[in-house]
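Notes follow the structure.
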Amino acid sequence: MSGSASTTEINPLRQALPRTQVPEPSAIVLFGATGDLAHRKLVPALFRLAQSGHLPSECAIVGFARRDWTDDDLRAEYRKTLAKEIGGPDFDALWAQFAPRLVFSPGTFDDPASFHRLKKTLDEIDRTHNTRGNRVYYLAVSPEFFSTIIEHLGSADLIYPWQQSSPWSRVVIEKPFGHDLESARALNLDVSHVLDESQVYRIDHYLGKETVQNILALRFGNSIFEPTWDRRYVHSVQVTVAEEVGMAGGRGAYYDTAGTIRDMVQNHMMQLLCLVAMEPPVNLSADAVRNEKVKVLQALPKWTPEDVRRNVIRAQYTAGSIHGAEVPGYRQEKGVNPESTTDSYVAIRLELNNWRWAGVPFFLRTGKRLPKRATEIAIQFRRPPTQLFEHEGDGHAEGNQLVLRIQPNEGASLTFEAKIPGSRRRLQDVRMDFRYGTAFAVPPPEAYERLLLDSMLGDQSLYTRTDEVESAWRFITQILDAWKIPGMPRPDEYVAGSWGPESADALIARDGARWRRL
């Protein structure tokens, strides 16, 4: 059996992952193998890695779930998923190579006997697939099972001593990692009883996106940007994560316990903030990069409830339309409490308490049921000290602005001002644009491909560390605590299909800025 089928013509985007990065043989155990994440993201990512030769031929994928399935049942289920998600004229040949890797181990997360059966299955796989005892355990399950699964992995001797280099064991933990600072600390403590930090891979799929990784390359690989990347030249920074979707797929019940601030701000947006604001690391090793990210999180402001009231806007969408289709309001969604105060939109103004960024406002906004799906970072540079020219337009010129587009249409654009032809000294914004797909002739790889590959390679650069998680939660929890205080106003409202509440526009207007038109 070979996982290195020649597939350059089938899927050229695989070229974005160097062929030299082929990890050691291993068994990858998917807890929650029958769930949505496994079907939509994990199994397609593993299939593509096998397709491109980045998955070693001595690699098995073990599905763990409570279904009364056989190996053939699992293979039949995944075949349907992959045929739909990937397909192609050579799919049957590729599937024939991939299918023997798949093994099913039935069990429940709270049953010790299930983990002892899993150990026997893995021991057998070592013999049949030559996986050499190496293990990646992927927890694609609800957060309440994280501690239980890790405890049973330890009790069943499925976790090796971290000091040994071979064989090795690693655990990948999906978000959310806690729901506030206290719960995150408790979960970290549970994890530390079984695992060393070097064995823990807390995933944030945003960090696997090629455009997110390129933030560091753009900043520290180009001398034209780094000298101006500070309070002397930057007026403000905007980070936007906009989503069109609402509570589709029955998400309302979960979302009403989390809200946008937990679902998006605490993880994805804090990571984007760190990459934009961090100091240059001494090298690109995992700890060197994460050390600098933690420093940014430690520089986040310490707020009183009044500070929260002044600098944070929360809101809920009301009934409206998206692309002409009528959609209900948040409190009318299935699974949502009709009296809910959970946020579906958050806008934050903050300043970092450090030398580089003192006095520079960072504006973060994210929400459901906005007009389009888009994620971007906009660096607004200061204007020249004197205005020698007139400006064409409504007086709201962008001036010098660097925009990093994370999704969709991954790329970057730089706006500057040029003189309009003619006798008058008038300026107009012009833009230089870069797109990944156009520049490199291939789209970037999927985030989960890169992250799964890194977990097998033992590279934690794109995974979050204990102090990183807790520092982010410390900032978010002070906002959550302020919202619980009696007398705090209910969330503002915005019409579905709009860009958010008027209060968010007023928040950014205090600094003489306005939200970008995406």
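For the sequence shown, the working numbering begins at 2 and goes up steadily by one. We put the CB at the ideal spot given by N, CA and C, even for glycine.
From the DSSP output, read off the bridge partner residues of residue i.
i: D493; result: A316
i: C60; result: S27
i: S170; result: R136
i: Y202; result: V173
i: D460; result: The partner list for D460 (beta bridge, DSSP) is empty, contrary to what the question assumes.
i: V328; result: G321
i: I349; result: V313 and L365
i: F116; result: Its beta-bridge partners do not exist; DSSP assigns none.
i: F382; result: V235
i: A419; result: Q429
CA-CA distance, residue i and residue j?
i: Q272; j: R203; result: 13 Å
i: R232; j: N268; result: 25 Å
i: L353; j: V361; result: 8 Å
i: Y437; j: F32; result: 34 Å
i: R406; j: P45; result: 25 Å
i: S166; j: S115; result: 27 Å
i: S456; j: A66; result: 22 Å
i: G336; j: P113; result: 33 Å
i: L14; j: L95; result: Confidence at L14 is low in this model, with a pLDDT of 36, below 50, so its placement is unreliable and the value that follows should be read with caution. Cα to Cα, L14 sits roughly 17 Å from L95.
i: V347; j: L458; result: 37 Å
i: V23; j: L453; result: 12 Å
i: E411; j: N131; result: 39 Å
i: P502; j: F92; result: 47 Å
i: F99; j: D264; result: 34 Å
i: I150; j: A34; result: 14 Å
i: Q299; j: A97; result: 50 Å
i: D430; j: S237; result: 18 Å
i: W169; j: Y161; result: 6 Å
i: V201; j: L519; result: 37 Å
i: A567; j: I509; result: Summary: the structure shown does not reach residue 567, with the chain confined to residues 2 through 519, and so no result is reported for it.
i: D191; j: P177; result: 15 Å
How would you label residue i, buried or exposed, when you count the other beta carbons within 10 angstroms and need 16 or more for buried?
i: W356; result: exposed
i: P90; result: exposed
i: P281; result: exposed
i: L285; result: exposed
i: K294; result: buried
i: H206; result: buried
i: L276; result: buried
i: G88; result: exposed
i: D197; result: exposed
i: D344; result: buried
i: Y234; result: exposed
i: K210; result: buried
i: D127; result: buried
i: R350; result: buried
i: S106; result: buried
i: H180; result: buried
By DSSP, does residue i sit in helix, in strand, or in coil?
i: T9; result: With a pLDDT of only 33 at T9, under the threshold of 50, the placement of this residue in the model should not be trusted; the figure read from the coordinates follows. Coil at T9, not helix or strand.
i: G321; result: strand
i: T376; result: strand
i: P282; result: coil
i: W500; result: coil
i: M433; result: strand
i: I407; result: strand
i: T342; result: coil
i: S414; result: strand
i: F65; result: strand
i: T465; result: strand
i: Q402; result: strand
i: F32; result: strand
i: F110; result: coil
i: A17; result: With a pLDDT of only 49 at A17, under the threshold of 50, the placement of this residue in the model should not be trusted, and no figure is reported.
i: Y207; result: helix
i: S3; result: Residue confidence is low: S3 scores 37 on pLDDT, short of 50, so the model does not pin down where it sits. Its coordinate-derived value is still stated next. In the structure shown, S3 sits in coil (DSSP, three-state: anything other than H, G, I, E or B).
Just checking residue i against the ligand ATP - is the residue's beta carbon closer than 7 Å to any of the ligand's heavy atoms?
i: D512; result: For the ligand ATP, the structure offers nothing, since it holds no ligand at all.
Over the uninterrupted alpha helix (DSSP H) stretch that includes residue i, give me the two end residues.
i: D506; result: E503 to A510
i: Q52; result: V44 to Q52
i: E518; result: Here residue 518 is Arg; the residue named in the question, Glu, does not match the sequence. Premise fails: R518 is in no alpha helix (DSSP H) and is neither H nor E.
i: K81; result: D72 to E86
State the start and end residues of the unbroken beta strand (DSSP E) segment that holds residue i.
i: P107; result: L103 to P107
i: H236; result: V235 to A243
i: V290; result: From DSSP, V290 is part of no beta strand (DSSP E) but of the alpha helix (DSSP H) over A287 to Q299.
i: R425; result: Careful: R425 lies outside any beta strand (DSSP E) and carries neither H nor E.
i: R366; result: F363 to G368
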